[in-house]
Amino acid sequence: MSGGDKNSKTMLTLVSGYSGVGKSVLVKQFQKNVLEGRGIFMAGKFDQYKKNIPYFAFIGAFDERIKSILSESDEMIAEWKTNFLTALGSNASLVTEVVPDLEMITGKLPPTPKLQPAEQEFRFRMVLLDFVYCFTTQDAPLVIFLDDLQWADLPSLNLLERILTTPRKNELLIIGAYRSNEVTDIHPLTFTKEQIIKERVSFEEILLKPLDQETTIKIVAESFGMDMTQAQDLGTHVFSKTRGNPFFINRFLQSLYENKYVYSNDKGRWVWDKVTLESLEFTDNVIDLMARELAMLPESTQDIMKSASLLGSTFNLTNLSLITGKTQPEIFDILSPALKSGYILPIDMNYRSLSLYQTGINQTVMEDSKKVDSSFRFLHDRVQQSAYAMIPVDERAREHLETGRKLFKNTPNEKLADEVFDIVTHYADSLHLVTDKDEKKSLAKLFLLAGKKAKDSTSYDVAVRYLTLGHELLQTDSWDSDYQLTFDLFSELVECENLNSNHEKSEILFEEILKNARTRFEKLRVYYIQNSLYLKIGNTAKALQTGRDAHETLRHLFS
1 MSGGDKNSKT MLTLVSGYSG VGKSVLVKQF QKNVLEGRGI FMAGKFDQYK
51 KNIPYFAFIG AFDERIKSIL SESDEMIAEW KTNFLTALGS NASLVTEVVP
101 DLEMITGKLP PTPKLQPAEQ EFRFRMVLLD FVYCFTTQDA PLVIFLDDLQ
151 WADLPSLNLL ERILTTPRKN ELLIIGAYRS NEVTDIHPLT FTKEQIIKER
201 VSFEEILLKP LDQETTIKIV AESFGMDMTQ AQDLGTHVFS KTRGNPFFIN
251 RFLQSLYENK YVYSNDKGRW VWDKVTLESL EFTDNVIDLM ARELAMLPES
301 TQDIMKSASL LGSTFNLTNL SLITGKTQPE IFDILSPALK SGYILPIDMN
351 YRSLSLYQTG INQTVMEDSK KVDSSFRFLH DRVQQSAYAM IPVDERAREH
401 LETGRKLFKN TPNEKLADEV FDIVTHYADS LHLVTDKDEK KSLAKLFLLA
451 GKKAKDSTSY DVAVRYLTLG HELLQTDSWD SDYQLTFDLF SELVECENLN
501 SNHEKSEILF EEILKNARTR FEKLRVYYIQ NSLYLKIGNT AKALQTGRDA
551 HETLRHLFS
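So the sequence shown is residues 1 to 559, counted in the numbering used here.
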């Protein structure tokens, strides 16, 4: 234990180490203890390709818990609904902006009135904290596991800090895992950790190191059923190639066996050619190894794996069907070799209907499978990275663009707000390929929606990025050709730049909006936004001057 308040009911445990060293495996072993002790375990994972989706891992953890609740009896679901609505009150709809699946329990909720920026931000942060504690009880401790914290967004790190420094009466443990080699002294996670320690939160860190040579030799012996004497030579070689990384050891041994570099002779004894093994060009880059392994899958499976890698560390067959044009049963059939080899793993049991259909069971099973989505995850981040690496570098932007287009086209308007972050993630780095004016206008509206949604969740840096991209999509004469869209984008951007402490940029945008605003009512709206932000940052002189300018505009309006 590193310092901390011994009486606190909240605690942070960080598990660090290199990729593949076994951080997630260790936590999963601990999960069994939590569940056996009747505790509640929730898990979410950050994604390197979805860093601009606010609260990504938290949302994953909440969604899984909500699905679990929905599988309970009607009486229990009704009890949870009461708990949520009682704890969140009239602010419940603020949470559904971030966790839309909550409405599957609460039903459609009325919108929450807007407040001034400072009050709006404070209210959102407090209601999100209330929501987290809805999952805790006095009888059962809550454990939240956040994997791959090295890719966490700033709002998530801020929420993590608030949870731990604003303890409630119920017990809560947060376990975070991160790659120590990817977190520097100036990484946001480092600052968050330092602040949490400074606040005297109960804190512990576990550093996992690679396995030593002796342990590696024991693994080789057990894997092939050899005695330690025989395993000594092969184990030493494996250790030199893998440097004791457990994930790498596992994949390396599997590769040796499947390629018959290590085989059983006619006397039933394992043999290998030392010269051959030494000549193998296995490097310490596990992505190279995984890429070579994936290249041995059928070409059609490789193609689907590439498409899946574009969607992130987890994916569902519905979206894969949208971007590939194949049916879910077809995709499942093509993915089967990867599933059997363990490169992808099912997240739920929904895939069983497809598996039954694959074995020849009647058509009804296939029809039923269309009603239930099946989700999967890559065995490891390195597998996803390897699948992604199979896409030629000069084709990746085009692949993301086409993926974004298909997801956008096939998302109903009523679902667009829920899916907007997943869609704009694909467009963000491929906008240079968009040339059609109508498409640019459509995407500008999409980025406006994403920016407003990010702002509502107090993710101001993300909001600025999306609103800036939307702004860049506008035509040079947009104040004349697309006035309302331009005004809305500028208004949101000026507010978010200020909220994100980019005050000089905000001032420039503020002046441009006032110069181009067509009506006095619109100018008053801009004055109101700017005045609210001046008050938030304590610049009373600017707030007073803006108020005077607004008063002058108002006087002319009614004169």
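For every residue, glycine included, the Cβ atom is placed at its ideal position computed from N, Cα and C.
For residue j and residue i, believed in contact at Cβ under 8 Å, the rounded distance
{"i": "residue 105", "j": "residue 77", "result": "6 Å"}
{"i": "residue 171", "j": "residue 196", "result": "That pair is no contact at about 17 Å."}
{"i": "residue 384", "j": "residue 378", "result": "4 Å"}
{"i": "residue 332", "j": "residue 317", "result": "7 Å"}
{"i": "residue 45", "j": "residue 313", "result": "6 Å"}
{"i": "residue 263", "j": "residue 271", "result": "7 Å"}
{"i": "residue 494", "j": "residue 450", "result": "The pair is not a contact, with the Cβ atoms about 17 Å apart (cut-off 8 Å)."}
{"i": "residue 564", "j": "residue 97", "result": "No statement about residue 564 is possible, as the shown extent of the chain runs from 1 to 559 and does not include it."}
{"i": "residue 561", "j": "residue 334", "result": "Outside the modelled stretch of the chain, which goes from 1 to 559, sits residue 561, for which no answer is possible."}
{"i": "residue 201", "j": "residue 190", "result": "Going by Cβ atoms, the distance from residue 201 to residue 190 rounds to 15 Å, so no, they are not a contact pair."}
{"i": "residue 61", "j": "residue 163", "result": "So it is not a contact: roughly 12 Å between Cβ atoms."}
{"i": "residue 473", "j": "residue 431", "result": "7 Å"}
{"i": "residue 290", "j": "residue 382", "result": "6 Å"}
Simplified DSSP assignment, three categories, for residue i
{"i": "residue 413", "result": "helix"}
{"i": "residue 147", "result": "strand"}
{"i": "residue 248", "result": "helix"}
{"i": "residue 44", "result": "strand"}
{"i": "residue 313", "result": "coil"}
{"i": "residue 203", "result": "strand"}
{"i": "residue 176", "result": "strand"}
{"i": "residue 378", "result": "strand"}
{"i": "residue 325", "result": "coil"}
{"i": "residue 13", "result": "strand"}
{"i": "residue 346", "result": "strand"}
{"i": "residue 297", "result": "coil"}
{"i": "residue 263", "result": "strand"}
{"i": "residue 211", "result": "coil"}
{"i": "residue 271", "result": "strand"}
{"i": "residue 115", "result": "coil"}
{"i": "residue 109", "result": "coil"}
{"i": "residue 1", "result": "Confidence in residue 1 is poor, its pLDDT being 39 and thus under 50, which makes the residue's placement too unreliable to answer from."}
Span separating the alpha-carbon of residue i from that of residue j
{"i": "residue 19", "j": "residue 27", "result": "14 Å"}
{"i": "residue 518", "j": "residue 438", "result": "24 Å"}
{"i": "residue 180", "j": "residue 391", "result": "28 Å"}
{"i": "residue 63", "j": "residue 265", "result": "51 Å"}
{"i": "residue 319", "j": "residue 417", "result": "16 Å"}
{"i": "residue 43", "j": "residue 24", "result": "11 Å"}
{"i": "residue 9", "j": "residue 169", "result": "7 Å"}
{"i": "residue 276", "j": "residue 292", "result": "17 Å"}
{"i": "residue 178", "j": "residue 205", "result": "11 Å"}
{"i": "residue 278", "j": "residue 388", "result": "29 Å"}
{"i": "residue 240", "j": "residue 17", "result": "19 Å"}
{"i": "residue 515", "j": "residue 509", "result": "10 Å"}
{"i": "residue 566", "j": "residue 216", "result": "Nothing can be reported for residue 566, as the shown portion of the chain is limited to 1 through 559."}
{"i": "residue 114", "j": "residue 530", "result": "16 Å"}
{"i": "residue 349", "j": "residue 374", "result": "8 Å"}
{"i": "residue 507", "j": "residue 464", "result": "15 Å"}
{"i": "residue 258", "j": "residue 213", "result": "23 Å"}
{"i": "residue 225", "j": "residue 460", "result": "56 Å"}
{"i": "residue 31", "j": "residue 92", "result": "30 Å"}
{"i": "residue 409", "j": "residue 140", "result": "44 Å"}
{"i": "residue 466", "j": "residue 159", "result": "21 Å"}
{"i": "residue 153", "j": "residue 210", "result": "28 Å"}
{"i": "residue 298", "j": "residue 343", "result": "13 Å"}
{"i": "residue 296", "j": "residue 236", "result": "27 Å"}
{"i": "residue 405", "j": "residue 413", "result": "14 Å"}
{"i": "residue 268", "j": "residue 228", "result": "17 Å"}
Residue i: CB within 7 Å of a non-hydrogen atom of the ligand HEM
{"i": "residue 76", "result": "Only the bare structure without any ligand can be found here, which leaves the ligand HEM out of the picture."}
Notebook entry, point to check: Would you call the segment 331-342 and the segment 304-319 in contact, with 3 or more CB pairs under 8 Å?
Noted result: yes
Checklist line | At least 3 beta-carbon pairs within less than 8 Å: the segment 20-38 vs the segment 395-406 | finding: no
Check: Counting pairs of beta carbons, one from the segment 429-446 and one from the segment 484-503, are three or more of them closer than 8 Å?
Finding: yes
Notebook entry, point to check: Counting pairs of beta carbons, one from the segment 84-102 and one from the segment 130-141, are three or more of them closer than 8 Å?
Noted result: Cβ pair count under 8 Å is three or more, so yes.
Check: What are the complete alpha helix (DSSP H) segments, minimum 4 residues, inside the segment 466-512?
Finding: Those alpha helix (DSSP H) runs which fall completely within the segment 466-512 and span 4+ residues are 478-481, 483-499.
Next item on the list: May I ask you to verify whether the segment 40-56 touches the segment 417-426, counting CB pairs closer than 8 Å and requiring at least 3?
Entry: yes
Item checked: Segments assigned alpha helix (DSSP H), at least 4 residues, entirely inside the segment 384-439 -> 393-409, 413-427
Next item on the list: Mind listing, in chain order, the continuous alpha helix (DSSP H) runs of no fewer than 4 residues lying wholly within the segment 12-100?
Entry: Taking only runs of at least 4 residues, the alpha helix (DSSP H) segments lying wholly in the segment 12-100 are 23-36, 56-70, 74-88, 92-96.
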